[in-house]
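Below is one structure, written out as structure tokens; the observations come after it.
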Amino acid sequence: MNITSLQNEHVKYWNSLKEKKVRDKERRFLIEGDHLINEAKRQNLIIETISVIDLAADYLVTEDIMKKISSQTSISYNAAVVRFIPEDSISGNIIILDGIQDPGNLGTIIRSCIAFNFTTIILGDNSVDLYNPKVVRATEGMIFHINVLRRNLVEFIPTLKNLGYKIVGTDVINGVDIKNLKHDDIALVLGSEGQGMSKSVRELCDEFVYINMNESCESLNVGVAASILMYEVNHE
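Letter by letter, the sequence shown follows residues 1 to 236 in our numbering.
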């Protein structure tokens, strides 16, 4: 179908997917660019394709329409509406994110999870939306290869403990060197960029670790810290 009007109902719908409340209601989100589209195709999540140049797309649109529905400054010529990624069962090492706010940090953590064999992310209710367009882009397609559960952490962490997970937070003062952590099923907890872990989540941790680093550096970006911690757990 060819669409040329910015007032077309399809265009209005695609544009509305920029809003979290619409994404949550529809359980769909918009992706842009061939790489993301190809990754979504491999998981059979694509509902419809939109393109400025691809005659085989479900909808052929103008550049102005693509600019309107795009979340990027520089538009891609191909986009798609995809289903929310279905949740899977929990297994292996996991990471718990308590109040992560920066989309780029979440995207980095998702990519590092894939790199270092962490199979699941438990995303706290107070964290950035998984389907925020900036998060999706920052994952470089890895969002389609990770199991993400959004939960109330205080309510859900006891379930993880019952499954045999050791809940491991970060603490420079009271923690042990991450290199000395020994346990089969690890659930690493990372707090928000500004405040760290909430008190209620901290109280549920079984153990604390730190990253050994130069004393002149007070702290690391949470995406970097998470990546180092996962690397160490994966290579113990």
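Where is the CB? At the ideal position from N, CA and C, for every residue including glycine.
Going by C-alpha distance, which of the options is nearest residue i?
i      : options                           : result
Tyr210 : Ala187, Gln7 and Ile178           : Ile178
Val154 : Gly164, Asp102, Ile228 and Arg202 : Arg202
Glu32  : Met197, Asn78, Ser127 and Ser192  : Asn78
Ile4   : Val22, Met66 and Ala40            : The residue asked about is misnamed: residue 4 is Thr in this sequence, not Ile. It is Met66 whose Cα lies nearest to the Cα of Thr4.
Gly169 : Ala115, Phe208, Tyr231 and Val222 : Phe208
Asn126 : Ile96, Ile228, Ala115 and Asn234  : Ile96
Met213 : Val176, Arg28, His183 and Cys205  : Val176
Ile37  : Arg28, Ser200 and Thr49           : Thr49
Ala226 : Gly196, Glu215 and Asp206         : Gly196
Asn180 : Glu9, Gly92, Glu232 and Asp88     : Glu232
Pro103 : Tyr131, Glu26 and Ser76           : Tyr131
Lys134 : Glu63, Arg150, Gln7 and Phe29     : Phe29
Lys199 : Lys41, Gly92, Asn2 and Asp98      : Asp98
Phe144 : Phe156, Ala40 and Met230          : Ala40
Met142 : Ala115, Gly194 and Ala57          : Ala115
Gln101 : Val128, Val61, Ser89 and Asn117   : Val128
Thr62  : Glu26, Gln72, Asn93 and Asn8      : Asn8
Asn147 : Arg111, Leu55 and Lys68           : Arg111
Leu229 : Asn152, Glu215, Asn117 and Ile157 : Asn117
Asp171 : Ser216, Lys182, Leu220 and Lys161 : Leu220
How is residue i classed by DSSP in three states: helix, strand or coil?
i      : result
Asn78  : strand
Ala115 : helix
Ser192 : strand
Ile109 : helix
Arg28  : strand
Ser51  : strand
Lys182 : coil
Gly169 : strand
Asp88  : coil
Glu207 : strand
Asp177 : strand
Gly124 : strand
Ile143 : helix
Can residue i be considered in contact with the ligand NAP, in the sense that its beta carbon sits closer than 8 Å to one or more heavy atoms?
i      : result
Gln101 : Absence of the ligand NAP is noted for the structure shown, with no ligands found whatsoever.
Along the alpha helix (DSSP H) that carries residue i, what are the first and last residues, could you check?
i      : result
Asn234 : Val222 to Asn234
Val135 : Pro133 to Ala138
Phe156 : Leu153 to Asn162
Val11  : Glu9 to Ser16
Val201 : Lys199 to Arg202
Ile69  : Glu63 to Ile69
The beta strand (DSSP E) that contains residue i, what's its start and end?
i     : result
Lys41 : Note, Lys41: premise wrong, no beta strand (DSSP E); alpha helix (DSSP H) at Asp34 to Arg42.
Asp98 : Ile94 to Asp98
Does any residue of chain D have a CB that is nearer than 9 Å to the CB of residue i?
i      : result
Asn234 : Here there is only one protein chain, and chain D is not present.
query = Are the stretch 107-116 and the stretch 125-144 touching, with three or more C-beta to C-beta distances below 8 Å?
reply = yes
key: Inter-stretch contact (C-beta, 8 Å, three-pair minimum) for the stretch 27-46 and the stretch 82-95   = yes
message = I want to know whether the stretch 108-122 touches the stretch 10-25 - three or more CB-CB distances under 8 Å.
response = no
inquiry  = Using a Cβ distance threshold of 8 Å, determine whether the stretch 175-192 contacts the stretch 151-165, with at least three qualifying pairs required.
reply    = yes
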